[in-house]
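**Q**
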Amino acid sequence: MPDRLASVGEDSPVRPDVVVLLAEHLADMYATSPAESVHALDPAALAGPGITFVTARDATGTLLGCGALTTLGPGHGELKSMRTAAGARGRGVATAVLEHLLALAAQRGCARVSLETGTEDYFAAARRLYARHGFVECPPFGAYVLDPHSVFLTREVRPPG
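In UniProt numbering, the protein residues as written are 1 to 161.
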């Protein structure tokens, strides 16, 4: 974990600084993809049952990034709302959040974790991050359908220990 990243842990998606970061996330999603292809969740949805929301913060408590894990079904988790604050990009925040969520999925007995992200150039860094962490393309899962603006990724998760 980068030295300026003090912690990644469960948090509330309705905290004021998180709401601002998620509003930026949603605005970028709608600016980049057609509305019907935007699958990002708002803070209220991320606070719903069955979703674990986490943030990365530095030693002063400044929000650096966030992400969420939800359960699709027995043994299958989905990553949602991965976002790094603009001033924290390139510092390993997304990797720290992703690794935390994958460990959490393993602890919860998930055998597989999947996600949806965009196909546009805007999402290239995210796709590279997921590929570096073993995600591969897969067919749509859960309630998703084929969409030229979405790519679906998945990877196996190993139990802890």
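The beta-carbon is built from N, C-alpha and C at its ideal position, and this holds for glycine as well.
(1) Let me make sure I understand the geometry here. Which of S114, T119, C66 has the alpha-carbon closest to that of H100?
(2) Tell whether a beta-carbon distance below 8 Å holds between V93 and A56.
(3) Within the same chain, show all residues whose beta-carbon is closer than 6 Å to that of V19, passing over the 5 residues directly before and after it, in chain order.
(4) Contact defined as beta carbons within less than 8 Å: I believe L21 pairs with L69. What is the distance between those atoms, to the nearest angstrom?
(5) What are the residues that DSSP puts in a beta bridge with H76?
(6) Does the distance from the C-beta atom of residue 170 to that of D147 stay below 8 Å?
(7) According to DSSP, D58 sits in a beta bridge with which residue or residues?
(8) When the Cα of P159 is compared with those of H76, R127, A131, which residue comes out closest?
(9) Quick one: complete alpha helix (DSSP H) runs, 4+ long, within the segment 4-42?
(10) My assumption, with CB atoms under 8 Å, is that E137 sits in contact with L153. Please give the rounded CB distance.
(11) Enumerate in chain order the residues of its own chain whose CB-to-CB distance from E120 is below 8 Å, with the five nearest sequence positions on each side excluded.
(12) I'd like to check one pair, A40 with S81: are the Cβ atoms closer than 8 Å?
**A** The short version:
(1) Considering only S114, T119, C66, the residue with the shortest C-alpha distance to H100 is C66.
(2) Yes, they are a contact pair.
(3) Taken in chain order, the residues that qualify are P43.
(4) The beta-carbon separation of L21 and L69, rounded to 17 Å, does not stay under the 8 Å limit for a contact.
(5) Note: H76 sits in a beta bridge opposite G73, R112.
(6) Here the chain covers residues 1 to 161 and nothing more, so residue 170 does not appear.
(7) Paired residues: L5.
(8) Of H76, R127, A131, the residue nearest in Cα terms is H76.
(9) Within the segment 4-42, the complete alpha helix (DSSP H) segments of 4 residues or longer fall at 16-32, listed in chain order.
(10) Their Cβ separation, rounded to whole angstroms, is 6 Å, which keeps E137 and L153 in contact under 8 Å.
(11) For E120, the CB contacts under 8 Å within the same chain, skipping 5 residues up- and downstream, are T32, S33, H149 in chain order.
(12) Closer than 8 Å, so yes.
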